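Line order of the protein sequences matches chains C and F.
All the letters of the first sequence, read from the start, carry residue numbers 1 to 324 under our numbering.
All the letters of the second sequence, read from the start, carry residue numbers 325 to 470 under our numbering.
Notes to accompany the following structure.
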Amino acid sequence: MQRSVIETAASLLETGVCTRVLGWKTGEFFYDVTPAVFTSAEEVRKDMVFTPFCGANLSKYLIAESRKEGKIAVFLKPCDTFSFVQLQKEHRICRENVYAVGVQCPGMSDPDALKALGLKGLTGCVQEGDTLRVDTLYGEKAVPLADALSLRCRGCKSKRLHDCDAIIGTQGKDLQTSRFAQVEALEAMTAEERFAFWRKELSKCIRCNACRNVCPACSCETCVFDNPDSGVQNKAAASSFEENLFHIIRAFHVAGRCTDCGECTRVCPQHIPLHLLNRKLIKDMNTLYGVYQAGADFETKPPMLAFTLEDPEASIITQGRNGQ
Amino acid sequence: MQVNETFTPTIVAFCCNWCSYAGADLSGTNRLQYPANVKIIRIPCSCRLNPMFILRAFQRGADGVILCGCHPGDCHYTTGNYYARRRMTLLFSLLDFLGIERERTRVEWVSAAEGAKFAATMNDFTETITRLGPNRRLEDLRCKEV
């Protein structure tokens with residue numbers, strides 16, 4: 001897979017289809033993969049990678065990159081293509097300046113998941129089918145891919161590549177997975193337990209704003225949280241209210257536009273399962289206003305920009321759980 | 325420490341200019357009683373209510389927040405309250421998911437002719453909040469009076 005990604009990128013540059021390529025390269029460690037723009041085939045052959053750690057969703061970078069001169073080629077995994085379509089739907093990407101290459105994805109691994117399995121001194125990693133062959137300082141180990149997957153990839157919603165000019169690998173299908181299982185488990189708890197759960201998670205927040213900066217749906221030029229006159233400190237651990245406010249409002253602002261790509265959880269340095277907030281909103285919108293998947297097509301109207309005369313009243317939320 | 329007998333909640337009522345604010349006015353001219361700790365904030369339409377306003381009200385010391393707007397179908401701007409209904413349903417569900425008492429927030433449709441309903445709603449909501457006690461799960465201690 002890595003070889004065909006690199007060869008495709010190099011030939012796109014050599015044949016002049018595009019002038020730049022947006023892909024991934026390794027950082028300090030092999031599992032530290034960062035997005036990068038390549039301008040020559042030599043650079044691509046030297047630095048570009050496609051490993052089980054290429055989790056970064058490149059579609060958000062296209063907002064800025066597609067406005068620059070010349071065409072840019074971009075490599076998108078299935079869940080990234082949802083964001084790609086959603087951003088086009090919001091008129092944020094100049095599609096004519098983008099050559100989109102879809103890459104089929106087996107699910108991205110998480111270095112922390114590997115460390116949690118007791119692997120230390122990671123030096124390299126190759127994915128072969130359903131296993132991950134991990135090189136460590138203490139020898140080679142084989143790990144089932146399912147155990148190494150990042151949180152958001154357990155319960156992948158779709159392997160379908162949307163709106164791509166070329167595809168590497170095969171076109172996939174929408175999957176029926178229990179991605180709402182954790183949300184349902186939380187819903188089954190009492191309000192006290194839920195509050196304790198979220199207090200424990202959200203109090204870890206250091207307000208680094210990584211979730212906001214990486215989110216393809218959070219693409220406002222000026223963010224409400226950057227307002228110095230907002231009356232909140234926008235600082236870490238100022239008060240429990242700050243964390244609640246930030247995460248409630250952030251989840252709410254992307255409601256109906258969130259494609260559930262899970263980037264917020266991937267980048268969180270404190271490992272807060274932020275995708276659960278978005279999944280809760282998606283689940284609610286699906287049950288209350290009909291099934292909707294942001295970024296799955298160009299036509300359907302997002303639920304928060306529509307209404308019907310028969311919508312349930314807000315009191316529906318407390319009905320049915322009065323027994324608690 | 326405050327005990328429940330002496331606890332008087334602070335309640336913020338966001339009222340739409342065209343129906344509920346006029347409804348509040350009518351309940352006043354009709355000399356109907358509703359608790360004085362209900363602070364009414366007039367907004368141009370129920371869909372003007374940014375979810376941030378609700379959280380901000382809690383931050384600044386509110387114990388309950390209620391949104392009153394025109395009945396569905398009666399909106400001065402035709403469709404505003406339909407959008408408000410979807411937004412508030414979703415927001416309240418998220419608050420509930422985070423374990424913050426959902427009963428502290430409410431949406432009620434009150435028309436300009438329903439002065440009695442306005443007073444009854446406010447009495448009922450104040451009673452609910454008094455029973456729930458002071459807001460603890462969305463409070464900002466920096467904004468509390470010592």
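Don't be surprised by glycine CBs; every beta carbon is placed ideally from N, CA and C.
As the structure is a computational prediction, the values presented were derived from the model and not from experiment.
Quick check on residue i: does DSSP put it in helix, strand or coil?
{"i": "residue 396 of chain F", "result": "coil"}
{"i": "residue 351 of chain F", "result": "helix"}
{"i": "residue 323 of chain C", "result": "A caution first: residue 323 of chain C carries a pLDDT of 40, below 50, which makes its placement in the model unreliable, though a value can still be read off. Reduced to three states, the DSSP call for residue 323 of chain C is coil."}
{"i": "residue 442 of chain F", "result": "helix"}
{"i": "residue 236 of chain C", "result": "coil"}
{"i": "residue 307 of chain C", "result": "coil"}
{"i": "residue 459 of chain F", "result": "coil"}
{"i": "residue 316 of chain C", "result": "helix"}
{"i": "residue 173 of chain C", "result": "coil"}
{"i": "residue 335 of chain F", "result": "strand"}
{"i": "residue 90 of chain C", "result": "coil"}
{"i": "residue 425 of chain F", "result": "coil"}
{"i": "residue 357 of chain F", "result": "coil"}
{"i": "residue 157 of chain C", "result": "coil"}
{"i": "residue 467 of chain F", "result": "helix"}
{"i": "residue 6 of chain C", "result": "helix"}
{"i": "residue 454 of chain F", "result": "helix"}
{"i": "residue 401 of chain F", "result": "coil"}
Taking residue i as the reference, which of the options has the closest Cα?
{"i": "residue 455 of chain F", "options": "F/434, F/364 and F/427", "result": "F/427"}
{"i": "residue 167 of chain C", "options": "C/150, C/76 and C/13", "result": "C/76"}
{"i": "residue 38 of chain C", "options": "C/295, C/47 and C/4", "result": "C/47"}
{"i": "residue 102 of chain C", "options": "C/113, C/118, C/83 and C/16", "result": "C/83"}
{"i": "residue 318 of chain C", "options": "F/398, F/418, F/464 and F/467", "result": "F/418"}
{"i": "residue 25 of chain C", "options": "C/108, C/44 and C/8", "result": "C/44"}
{"i": "residue 28 of chain C", "options": "C/124, C/9 and C/164", "result": "C/124"}
{"i": "residue 397 of chain F", "options": "F/406, F/345, F/363 and F/390", "result": "F/406"}
{"i": "residue 421 of chain F", "options": "C/197, C/117, C/293 and C/250", "result": "C/197"}
{"i": "residue 301 of chain C", "options": "C/263, C/266 and C/255", "result": "C/255"}
{"i": "residue 362 of chain C", "options": "C/12, C/263 and C/14", "result": "Outside the modelled stretch of chain C, which goes from 1 to 324, sits residue 362 of chain C, for which no answer is possible."}
{"i": "residue 131 of chain C", "options": "C/106, C/122, C/154 and C/232", "result": "C/106"}
{"i": "residue 361 of chain F", "options": "F/378, F/390 and F/350", "result": "F/390"}
{"i": "residue 386 of chain F", "options": "F/353, F/393 and F/364", "result": "F/364"}
{"i": "residue 99 of chain C", "options": "C/202, C/62 and C/240", "result": "C/62"}
{"i": "residue 226 of chain C", "options": "C/293, C/192, C/246 and C/238", "result": "C/246"}
{"i": "residue 13 of chain C", "options": "C/52, C/66, C/70 and C/35", "result": "C/70"}
{"i": "residue 394 of chain F", "options": "F/388, F/344 and F/356", "result": "F/344"}
{"i": "residue 174 of chain C", "options": "C/55, C/11 and C/79", "result": "C/79"}
Grab the span of the alpha helix (DSSP H) containing residue i for me, first residue to last.
{"i": "residue 373 of chain F", "result": "Careful: residue 373 of chain F lies outside any alpha helix (DSSP H) and carries neither H nor E."}
{"i": "residue 198 of chain C", "result": "191-202"}
{"i": "residue 113 of chain C", "result": "111-116"}
{"i": "residue 404 of chain F", "result": "404-421"}
{"i": "residue 211 of chain C", "result": "210-214"}
Below 7 Å on C-beta distance, what does residue i contact in chain C?
{"i": "residue 413 of chain F", "result": "288, 312, 314, 316 and 317"}
{"i": "residue 462 of chain F", "result": "241 and 244"}
Anything in chain C within Cβ reach of residue i, meaning under 8 Å, just list it in chain order.
{"i": "residue 455 of chain F", "result": "Simply none; closest approach about 14 Å."}
{"i": "residue 403 of chain F", "result": "307"}
Hey, quick one: how far does the beta strand (DSSP E) through residue i stretch, first residue to last?
{"i": "residue 303 of chain C", "result": "Counting along the chain, residue 303 of chain C falls outside any beta strand (DSSP E), and DSSP gives it neither H nor E."}
{"i": "residue 222 of chain C", "result": "That residue, residue 222 of chain C, is in no beta strand (DSSP E); it is neither H nor E in DSSP."}
{"i": "residue 135 of chain C", "result": "131-136"}
I want to verify the contact list: residues of chain F whose CB lies under 9 Å from the CB of residue i, in sequence order.
{"i": "residue 284 of chain C", "result": "413, 414, 417, 418 and 421"}
{"i": "residue 277 of chain C", "result": "418, 421 and 422"}
{"i": "residue 151 of chain C", "result": "Result: empty, since nearest Cβ-Cβ is about 18 Å, beyond 9 Å."}
Just the chain F side, please: which residues come within less than 8 Å of residue i by C-beta, in chain order?
{"i": "residue 186 of chain C", "result": "421"}
Using a cut-off of 9 Å between C-beta atoms, extract the partners of residue i located in chain C.
{"i": "residue 379 of chain F", "result": "241, 244, 245, 248 and 249"}
{"i": "residue 465 of chain F", "result": "239, 240 and 241"}
Name the chain D residues that come within less than 8 Å of residue i, Cβ to Cβ?
{"i": "residue 301 of chain C", "result": "Of the chains in the structure shown, none is chain D; the protein chains are C and F."}
Length at least 4, wholly inside the segment 21-79 of chain C: the alpha helix (DSSP H) runs in chain order = 41-47 and 62-65
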